[in-house]
Amino acid sequence: MSEHEKRPKLFIIDGYSIVYRSYFAFINRPLRDKEGNNVSAFYGFFNTLLMLVRQHDPDYLVVAMDTAEPTFRHIRYPQYKANRESAPEDLHAQVPLIIDALNAANIPQIGRNGWEADDVIASLIHLAKSRNIDSVMVTGDKDLLQLVDESTMALRPPRKGEKEYRFFGEKEVIEEFGVAPNQIVDYLALIGDSSDNVPGVAGIGPKGALKLIQDFGNLETIYEHLADCSASVAKKLEDARDMAFLSQELIELKFDALSESEFDPDAFSSKTIDWNSVIPMFEKAQARTLINTVQQMQQIEIDVSSPVEETVQTKWNKPGVYHAVTNLAELEALLKEKTEKGVLSFDLETTGIDDMTAEPVGFSFTDRPFEAWYVPIKAGGKAIVSLEDALKLLKTYIVEKKVKIIGQNLKYDYKILVRWGVGTIIGYFDTMVAAWLLDAAAGMYNMDHLANRYLDGYRTLEFKEVVVQKDGVFSDVPLETAVRYAAEDADITWRLYEVFSKELISRGMDNLFFNIEMPLVKILADMELNGVSLDVNKLYEFDKEVTSRISAIEQEIYALCGKTFNINSTKQLQEVLFVERKLPTGKKNKTGFSTATETLEQLAQLDEVPRLILQNRALVKLKNTYIDSLPQMVLADTGRIHTSFVQTGTATGRLSSRNPNLQNIPVRSDDGKRIREAFIAPKGYSFLSADYSQIELVVLAHMADDKALKEAFIKGEDIHRHTAAVIFDIHPELVTSDQRRMAKTINFGVMYGMSAFRLANELQIPQKAAKVFIEEYFTRFNGVQAFVMRVQKQAEQTGKVATIMGRERQVPEIRSSNKMEKAGAERIVVNTVIQGTAADIIKLAMIKIAKRMADDQLHSKLLLQVHDELIFEVPETEITKMQLLVKDEMEHAIKLSVPIRVGMAIGKSWGELG
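Okay, structure coming up:
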């Protein structure tokens with residue numbers, strides 16, 4: 012053992028480096044506490060801290076923090092870090108919580124006014140050396156690598172694709188940057204540091220700087236040997252001499268931020284850390300993983316009266332016991348026993364993720380947590396249990412006994428079991444849907460993530476760990492591994508069921524879950540199984556026409572520009588528009604001036620070329636997205652297209668569609684209609700369309716209880732014409748098409764919190780006039796304004812918003828002191844209440860219609876839901892009955908204070924429906 016290996020170690024945490032990294036690691040799926048507050052930084056920071064303590068057992072531990080005061084670097088160079096945007100409000104809000112938790116745990120933090128945390132770290136390292144203590148800096152900041160030497164290492168966060176923190180000594184610094192740690196300052200002084208707005212030498216990049224350092228050693232020597240550099244390099248260096256040495260001064264860390272008396276090893280000792288005291292804070296943040304980690308580290312005994320009693324005592328993270336069922340007699344005996352309770356957790360293993368083509372290779376089940384059984388149809392490349400016989404047993408004991416099934420993404424299992432003749436299972440509890448309902452903004456609902464978040468940090472065996480080869484299949488996985496992976500799925504699903512079912516009840520969302528979302532799972536599965544017929548020949552003909560139109564537009568563009576060029580090249584387009592045609596430049600991005608759609612729409616008012624480019628882009632997108640793709644998506648077995656409806660994809664509760672996305676086919680254009688005309692009803696059938704009329708405005712009128720708006724709906728008036736008449740104070744018959752268009756924009760703009768600036772852009776009118784329109788709207792429809800203010804105030808008080816049916820959405824940003832964040836949140840809460848309620852209404856209608864169709868034993872099928880519209884495939888003999896049935900159920904899905912109206916259409920193709 013070397014001398015340095017024997018020495019005690021001081022771990023120095025670069026506080027804000029870890030805080031920022033933790034916050035942005037969850038930026039797309041923030042972690043939130045029960046009140047909806049973002050706790051990503053809090054969780055990530057302490058998760059890192061606990062990892063360090065567990066894995067490295069430091070002798071001493073201290074956290075270095077920046078303060079709000081400017082440093083000597085800001086005084087020396089006022090532009091220092093001036094390019095940095097303010098940290099998000101919900102990140103700032105977590106720092107005091109982190110400090111409080113560190114204090115509770117007796118973990119020291121050090122920050123000094125006038126100094127950066129980097130200088131504090133340098134000073135701590137310098138003082139540690141004088142006490143024969145080695146140091147480890149936990150940081151992602153490359154500036155700190157200048158401190159690495161034989162007694163100091165950096166522990167850097169994992170890069171993309173890596174899982175573990177990496178130690179950086181002198182060798183690793185040289186391998187990464189090509190220079191030694193004591194050359195980092197001069198290397199960065201040459202290339203600059205954009206993150207800190209350190210200028211460096213203009214025109215000298217990493218390769219050039221590396222060569223200069225390797226040739227001359229340091230900055231001073233480089234400037235002493237300018238004559239030995241190439242003329243161009245020498246000129247760049249000479250022109251930036253002052254900036255180079257200023258940069259060196261800014262980057263070099265100082266060792267005198269702390270005095271000798273401020274270095275107290277006893278205060279830094281990890282033996283004094285008190286994790287017991289911080290557990291209540293972890294509980295408040297719903298950080299079950301952190302509580303579990305602390306338990307494992309210290310085997311803490313929690314007082315029975317502690318508020319974290321239930322979380323700690325449940326121990327959801329303990330491993331399960333899993334069994335293989337390899338013969339039919341044992342399988343039948345187990346199914347008979349395990350279905351006695353009438354509830355079973357069930358999960359299929361298949362050959363792929365496409366539920367319209369996948370084949371079963373096994374299934375797992377359980378009626379309890381911590382134990383499960385797996386039935387391998389194939390494992391290790393060999394057939395084990397007869398698929399035909401196993402499916403018969405499933406039919407007997409699950410379908411015929413009407414057992415309630417618990418699953419994760421039940422729609423997938425439902426469809427495969429129907430396709431393979433088992434029949435229709437009773438989908439009782441889908442843990443994926445429950446997780447989404449409980450946190451609709453989380454964005455991640457896969458089992459691995461849910462187990463880690465809700466089951467005390469449980470780490471599941473991931474598919475990529477089981478099927479290692481890129482083209483590998485699960486049926487080739489050895490039986491022992493297959494059992495562990497597959498049975499775990501059923502077990503974890505049951506555990507999540509127990510956690511989520513209690514949470515749904517406590518949050519008052521069990522009615523929404525069991526009476527709307529769970530019945531919808533079966534309806535969506537049946538819709539997907541139904542599919543819709545496509546006349547590919549119509550698309551082939553349309554393709555020829557569109558290809559010809561694209562070519563003609565391109566030739567017209569070339570003729571106007573006097574040359575041919577790559578229209579899809581941003582660089583070449585910038586040259587044509589802004590240099591050659593001298594059009595005004597808009598927003599600038601990394602690749603130059605913007606050529607985005609928004610910019611081109613503005614330029615199209617000034618020049619023909621941008622207008623033609625927009626036409627070209629629209630046609631190319633239509634061709635790539637639909638004309639070329641749809642024929643390839645027709646399933647050979649059915650001759651139909653089978654889209655997938657995503658139930659958990661939006662925070663408002665709206666459904667979305669993918670593979671292909673049939674909700675996004677252009678509605679108003681003739682080209683979009685041509686696409687929809689290719690979707691056809693089979694012989695003897697027609698399409699029936701039922702579309703809610705202005706459902707979101709109906710919801711607004713009801714919830715706002717606005718007399719004028721309600722009166723218009725009660726009278727069955729054209730709501731946009733009515734609004735225009737009220738705003739412009741004229742008779743409805745005198746309203747012009749332009750005035751109606753303005754009123755329509757305002758009507759919908761209110762729901763989305765449209766500003767006067769945006770309304771002015773939409774209507775192409777002065778901003779002052781737009782402001783007057785909005786004020787006039789709220790004056791005439793004062794109930795709407797009161798409703799908007801009421802909803803926003805309630806959300807500010809509770810941090811969340813809810814629909815009429817009780818669907819919740821956490822919106823903690825509404826409490827932000829950042830004006831832009833708060834304004835965005837205010838728009839979200841109003842939109843969520845209205846759009847979410849409208850989504851709930853059509854879901855209710857779908858459920859009632861499906862029940863009536865089943866009760867009446869109709870042969871009609873629900874094929875598509877496109878936001879506020881339902882499309883059915885109806886035998887000619889059932890058209891009248893279905894029109895009456897669908898209209899009745901949709902208009903009476905819920906009782907509001909204003910009538911709900913439905914428009915209907917019949918056609919042989921989707922395009923004929925209007």
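All residue numbers for the sequence shown refer to the working numbering, where the first residue is 12 and numbers rise by one. Beta carbons: idealized from backbone N, C-alpha and C, even for Gly. Nothing here was measured: the structure is a model prediction, and the numbers come from that model.
- Message: Beta-carbon within less than 8 Å of residue 20's beta-carbon, same chain only, minus the 5 sequence neighbours each way: which residues are those?
- Response: Taking the first residue of the sequence shown as position 1, residue 20 is located at position 9. Cβ within range, chain order: 67, 69, 70, 71, 144, 145, 146, 147.
- Query: Which residues does DSSP pair with residue 415 in a beta bridge?
  - Reply: In the sequence shown, residue 415 corresponds to position 404, counting from 1. Residue 415 pairs with 354, 437.
- Message: Helix, strand or coil, according to DSSP, for residue 303 in the structure here?
- Response: Mapped onto the sequence shown, residue 303 falls at position 292. It is helical.
- Message: Going by C-alpha to C-alpha distance, which of 300, 195, 544, 808 sits closest to residue 259?
- Response: Along the sequence shown, read from residue 1 onward, the residue named residue 259 stands at position 248. The shortest Cα separation from residue 259 among 300, 195, 544, 808 belongs to 195.
- Query: Can residue 730 and residue 720 be called in contact, C-beta distance under 9 Å?
  - Reply: Residue 730 sits at position 719 when you count from the first residue of the sequence shown. Residue 720 sits at position 709 when you count from the first residue of the sequence shown. Yes; because the gap between Cβ atoms is below 9 Å, this pair is in contact.
- Give me the Cα-Cα distance between residue 238 and residue 245, rounded to the nearest whole angstrom. In the sequence shown, counting from the first residue as 1, residue 238 sits at position 227. In the sequence shown, counting from the first residue as 1, residue 245 sits at position 234. C-alpha separation (whole angstroms): 7 Å.
- Assuming residue 128 contacts residue 77 (C-beta within less than 8 Å), just tell me the rounded distance between them. As a first step, residue 128 must be located in the sequence shown, where it is residue number 117. As a first step, residue 77 must be located in the sequence shown, where it is residue number 66. The Cβ separation is near 5 Å, so the contact holds.
- Spatial distance of residue 30 from residue 495 (CA atoms): Working through the sequence shown from its first residue, we reach residue 30 at position 19. Working through the sequence shown from its first residue, we reach residue 495 at position 484. Rounded to the nearest angstrom, the two C-alpha atoms are 36 Å apart.
- Message: So the candidates are 651, 824, 374, 123; which of them puts its Cα closest to the Cα of residue 267?
- Response: As a working note, residue 267 is residue 256 in the sequence shown. Ranking 651, 824, 374, 123 by Cα distance to residue 267 puts 123 first.
- Task: Per DSSP, which residues does residue 377 bridge with? Please list them.
- Result: Numbered from 1 along the sequence shown, position 366 holds the residue referred to as residue 377. DSSP, once it has assigned bridges, lists 356 as partnering residue 377.
- If you draw a straight line from the C-alpha of residue 837 to the C-alpha of residue 822, how long is it? For the purposes of this step, residue 837 is taken as residue 826 along the sequence shown, with counting starting at 1. For the purposes of this step, residue 822 is taken as residue 811 along the sequence shown, with counting starting at 1. About 9 Å.
- What residue from 629, 546, 531 has the CA that sits closest to residue 564's CA? For the purposes of this step, residue 564 is identified with residue 553 of the sequence shown, where counting begins at 1. Ranking the options by Cα distance to residue 564, first place goes to 629.
- Message: So, at 7 Å on beta carbons, what are the nonlocal neighbours of residue 423 in its own chain, with the 5 sequence-adjacent residues on each side left out?
- Response: Start at 1 with the first residue of the sequence shown, and residue 423 comes out as number 412. Answer for residue 423: 366, listed in chain order.
- Query: Taking the C-alpha atoms as reference points, what is the distance between residue 596 and residue 451?
  - Reply: Here residue 596 refers to the residue found at position 585 when the sequence shown is read from its first residue. Here residue 451 refers to the residue found at position 440 when the sequence shown is read from its first residue. C-alpha separation (whole angstroms): 40 Å.
- Message: By the three-class DSSP mapping on this structure, what secondary structure does residue 655 have?
- Response: Here residue 655 refers to the residue found at position 644 of the sequence shown. Looking at residue 655 - three-state DSSP - the assignment turns out to be strand.
- Task: Using three-state DSSP, classify residue 24 as helix, strand or coil.
- Result: Taking the first residue of the sequence shown as 1, we reach residue 24 at position 13. Reduced to three states, the DSSP call for residue 24 is strand.
- Where do the N-terminal and C-terminal ends of the beta strand (DSSP E) with residue 272 fall, by residue? Sequence index remark: in the sequence shown, residue 272 carries index 261 (1-based). From DSSP, residue 272 is part of no beta strand (DSSP E); its letter is neither H nor E.
- Item | Per DSSP, cross-strand counterpart(s) of residue 49 | Residue numbering aside, residue 49 sits at position 38 when the sequence shown is read from its first letter. Per DSSP, 43.
- Message: My assumption, with CB atoms under 8 Å, is that residue 433 sits in contact with residue 472. Please give the rounded CB distance.
- Response: Reading the sequence shown from its first residue, position 422 is the one you call residue 433. Reading the sequence shown from its first residue, position 461 is the one you call residue 472. Between residue 472 and residue 433 the Cβ distance is about 27 Å, and since that is not below 8 Å, they are no contact.
- Query: Secondary structure at residue 82, three-state DSSP: helix, strand or coil?
  - Reply: For the purposes of this step, residue 82 is taken as the residue at position 71 of the sequence shown. In the structure shown, residue 82 sits in coil (DSSP, three-state: anything other than H, G, I, E or B).
- Task: Using three-state DSSP, classify residue 218 as helix, strand or coil.
- Result: Position 207 of the sequence shown, counted from the start, is the residue given in the question as residue 218. Residue 218: helix per DSSP, three-state reduction.
- Message: Please give the ranges of any alpha helix (DSSP H) in the region 486-572, keeping only runs that are unbroken, at least 4 residues long and fully inside the region.
- Response: 490-517, 529-541, 547-572
- Message: Among the candidates 300, 109, 465, whose CA atom is the shortest distance from the CA of residue 513?
- Response: On the sequence shown, position 502 is the one that residue 513 refers to. Of 300, 109, 465, the residue nearest in Cα terms is 465.
- Task: Taking residue 476 as part of the beta strand (DSSP E), name the residues at either end of that continuous run.
- Result: Counting from 1 along the sequence shown, the entry for residue 476 is found at position 465. No beta strand (DSSP E) contains residue 476, which is instead part of the alpha helix (DSSP H) from 474-477.
- Query: Which first and last residues belong to the beta strand (DSSP E) in which residue 382 is found?
  - Reply: Within the sequence shown, the letter at position 371 stands for residue 382. Its beta strand (DSSP E) spans residues 382-387.
- Query: Would a C-beta distance cut-off of 9 Å place residue 790 and residue 812 closer than the cut-off?
  - Reply: Counting from 1 along the sequence shown, the entry for residue 790 is found at position 779. Counting from 1 along the sequence shown, the entry for residue 812 is found at position 801. With contacts defined by Cβ atoms closer than 9 Å, residue 790 and residue 812 do not form a contacting pair.
- Message: Can you find the residues in the same chain that come closer than 8 Å, C-beta to C-beta, to residue 670, ignoring five residues on each side of it along the sequence?
- Response: As a working mapping, residue 670 is identified with position 659 in the sequence shown. Around residue 670: 644, 654, 655.
- According to DSSP, which residues form a beta bridge with residue 165? Position 154 of the sequence shown, counting from 1, holds the residue named residue 165. Per DSSP, 148, 179.
- Message: Relative to the C-alpha of residue 79, which candidate in 747, 126, 848 has its C-alpha closest?
- Response: For this step, residue 79 is matched to residue 68 along the sequence shown. Nearest C-alpha to residue 79: 126.
- With burial defined as no fewer than 16 other Cβ atoms inside 10 Å of the residue's Cβ, what is the status of residue 913: buried or exposed? Residue numbering aside, residue 913 sits at position 902 when the sequence shown is read from its first letter. Within a 10 Å sphere around the beta-carbon of residue 913 sit 16 or more other beta-carbons, which makes this residue buried.
- Query: Is the CB-CB distance between residue 73 and residue 119 below 9 Å?
  - Reply: Here residue 73 refers to the residue found at position 62 of the sequence shown. Here residue 119 refers to the residue found at position 108 of the sequence shown. The Cβ atoms of residue 73 and residue 119 lie closer than 9 Å to each other.
- If we count the other Cβ atoms within 10 Å of its Cβ and call it buried at 16 or more, is residue 725 buried or exposed? The sequence position of residue 725 within the sequence shown is 714, counting from 1. So residue 725 ends up on the exposed side.
- Query: If you draw a straight line from the alpha carbon of residue 681 to that of residue 460, how long is it in whole angstroms?
  - Reply: Working through the sequence shown from its first residue, we reach residue 681 at position 670. Working through the sequence shown from its first residue, we reach residue 460 at position 449. Spanning the two alpha carbons is a distance of roughly 44 Å.
- Please list, in chain order, all residues of the same chain as residue 283 whose beta carbon is under 6 Å from its beta carbon, the five residues on each side excluded. Residue 283 sits at position 272 when you count from the first residue of the sequence shown. Within the same chain, residue 283 has close Cβ partners 117.
- Message: In chain order, what are the residue ranges of uninterrupted alpha helix (DSSP H) at least 4 long that sit wholly in the region 889-917?
- Response: 890-902
- Report the rounded CA-to-CA distance for residue 270 versus residue 279, giving the unit in angstroms. Taking the sequence shown and counting its residues from 1, one reaches residue 270 at position 259. Taking the sequence shown and counting its residues from 1, one reaches residue 279 at position 268. Those two C-alpha atoms are separated by around 16 Å.
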